[in-house]
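**Q** Chains as they are written, first to last, in the numbering used here: chain A, 31 to 215; chain B, 31 to 215.
Heads up, the beta-carbon is just placed ideally off N, CA and C, and yes, glycines get one too.
Here it is, the structure in full.
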DNA sequence: CCCCGACTGGAGCGATCACTCCAATTTCTA
DNA sequence: TAGAAATTGGAGTGATCGCTCCAGTCGGGG
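Structure (structure tokens):
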């Protein structure tokens, strides 16, 4: 189910498709998930979120700094090159979650919040002040998600590579204190 | 149709929903779009892409530099605050397009390519070298799309604001020469 | 050994899907 | 204004949707 959600989102995933690909039977499905497809989707999305969070945590821990950790995470998040529908396993379902159910949307939001928190924590470990860390984490997560989106649609890995460099640039050092120097140059 | 695609993507949009919301009748639909929902979706997505591209072009032209233009575009792209499903009108359909049809996917890819080209052209007008401009444009577009995604899922505008600052930081000045080799990764 | 609860497979349900088809109506053209 | 062409509304079609329901299967404790 998690794989189907990643490839085609919630609405496009039919019950018949799930049954034939997973090998389980109809009775089993509604015995273990009385709420039907909705409940199963929430559980699957949460599981995907946990997998992604684990990968992100490992990548950040293994890297010498946050930027390098994000770079490594981008490779992992993209998935094996053999997949034709690579990318973030949460984004497709997340984008349609507002019209599906508030609960599914909440699950998706929590997944992204966790990723953002992991990046922010690593930035603070790098010595970033609290405010800058959470703000930069939000922006870097957006950069990552956007790159995975563009990569899936275009089928080209260049978006991933460009996002990596941008992430390294953004996370090279905390922004200067005392107002943004960038203004109108 | 464009609004439905923005709010809920392709698969979640049913023919009945489209007819009642647009006011047109079934016969009209299949007269003007013999290809059915698929053909209509391609046309609607292309129209949305044109609208977004026009808004981006205007924002970039009216701004003193690329960074400020992207900041203004983010406000426009998010849409009016009254919308409960704001965000990029292309992304939801784009993410599921690979499993729908190659043509729909191509339309989505072309929309994003056009946006990227607009940003890159504005960067070159700012004096950026060709390679850095297209690479930065790709990253900034990813940043924008990711921020719109996170904003829709979380319902918070803070992601937009953080992405704006990150875009300004990324586009403040071209990266130093010598350290980056474009075209490889 | 038997039996009872947990679990499974599959037929069947009403609703809804995208779509076809055609008569009625409107709009264009001569 | 008359005939042709374009457009429209809506009933009807087969397929498929998520889901319910129940007979059958299984394994472990009395």
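1. Give the straight-line distance between the Cα atoms of residue 143 (chain A) and residue 184 (chain A), rounded to the nearest whole angstrom.
2. Can you check the region 35 to 83 of chain A for any alpha helix (DSSP H) of at least 4 residues that lies completely inside it and give the ranges in chain order?
3. Determine the DSSP secondary structure at residue 109 (chain A), reduced to helix, strand or coil.
4. Helix, strand or coil, according to DSSP, for residue 212 (chain A) in the structure here?
5. Starting from residue 154 (chain A), follow the alpha helix (DSSP H) in both directions and report where the run begins and ends.
6. For residue 145 (chain B), does the count of other Cβ atoms within 10 angstroms reach 16, so buried, or fall short, so exposed?
7. Here's a check: name, in chain order, each residue in its chain whose Cβ is nearer than 7 Å to the Cβ of residue 152 (chain B), leaving out the five neighbours to either side.
8. Quick check on DSSP: helix, strand or coil for residue 91 (chain B)?
9. Kindly indicate which three-state DSSP category residue 204 (chain B) falls into: helix, strand or coil?
10. Less than 8 Å between the CB atoms is what I'm expecting for residue 132 (chain B) and residue 115 (chain A), so what's the real figure, rounded?
11. Are the C-beta of residue 105 (chain B) and some C-beta of chain A separated by less than 9 Å?
12. Under 9 Å between beta-carbons, which chain B residues line up against residue 149 (chain A)? List them in chain order, please.
13. Quick check: is the beta carbon of residue 171 (chain A) nearer than 9 Å to any beta carbon in chain B?
14. Please state whether DSSP places residue 119 (chain A) in a helix, a strand or coil.
15. Would you say residue 169 (chain A) and residue 192 (chain B) are within 9 Å of each other, going by their C-beta atoms?
16. Of all the CB atoms in chain B, is at least one closer than 9 Å to the CB of residue 131 (chain A)?
17. Look up residue 128 (chain B) in the DSSP assignment and say whether it is helix, strand or coil.
18. Comparing the C-beta of residue 80 (chain B) with each C-beta of chain A, is any distance below 9 Å?
19. Quick one: Cα of residue 141 (chain A) to Cα of residue 74 (chain B), how far?
20. What did DSSP end up calling residue 181 (chain A) once you bin it into helix, strand or coil?
21. I'd like to know whether the C-beta of residue 135 (chain B) is nearer than 9 Å to at least one C-beta of chain A.
22. Just the C-alpha distance for residue 121 (chain A) and residue 64 (chain A), rounded to the nearest angstrom, thanks.
23. For a quick check, are the C-beta atoms of residue 175 (chain B) and residue 176 (chain A) less than 9 Å apart?
**A** Put simply:
1. When rounded, the distance between both Cα atoms is 27 Å.
2. Uninterrupted alpha helix (DSSP H) stretches at least 4 residues long and entirely within the region 35 to 83 of chain A occur at 45 to 52 and 56 to 62, given in chain order.
3. Note: residue 109 (chain A) maps to coil in three-state DSSP.
4. Confidence in residue 212 (chain A) is poor, its pLDDT being 40 and thus under 50, which makes the residue's placement unreliable; the coordinate value appears in the next sentence. DSSP places residue 212 (chain A) in coil when its eight states are reduced to three.
5. Where residue 154 (chain A) is concerned, the enclosing alpha helix (DSSP H) stretches over 132 to 155.
6. The residue in question, residue 145 (chain B), is buried, as its Cβ has 16 or more Cβ neighbours within 10 Å.
7. Cβ neighbours of residue 152 (chain B) beyond the five flanking positions: 90, 96 and 99.
8. The three-state reading of DSSP puts residue 91 (chain B) in helix, counting H, G and I together.
9. Coil.
10. Taking C-beta atoms under 8 Å as the contact rule, residue 132 (chain B) and residue 115 (chain A) fail to qualify, at a distance of about 13 Å.
11. Not closer than 9 Å to any Cβ of chain A, the Cβ of residue 105 (chain B) fails to qualify, so no.
12. For residue 149 (chain A), no chain B residue has a Cβ inside 9 Å of its Cβ, as the nearest lies near 12 Å away.
13. Chain B contact via Cβ: present.
14. DSSP, reduced to helix, strand and coil, places residue 119 (chain A) outside both helices and strands of the structure shown, so it counts as coil.
15. Remark: C-beta atoms of residue 169 (chain A) and residue 192 (chain B) approach each other more closely than 9 Å.
16. Against chain B, the CB of residue 131 (chain A) has no partner CB under 9 Å away; the residue lies outside that interface.
17. Helix.
18. It does not: the Cβ of residue 80 (chain B) has no partner Cβ on chain A nearer than 9 Å.
19. Roughly 31 Å between the two C-alpha positions.
20. Residue state, collapsed to three classes: helix.
21. Taking Cβ atoms only, chain A reaches closer than 9 Å to residue 135 (chain B), which makes this a yes.
22. C-alpha separation (whole angstroms): 25 Å.
23. Yes, the Cβ-Cβ distance between residue 175 (chain B) and residue 176 (chain A) is below 9 Å.
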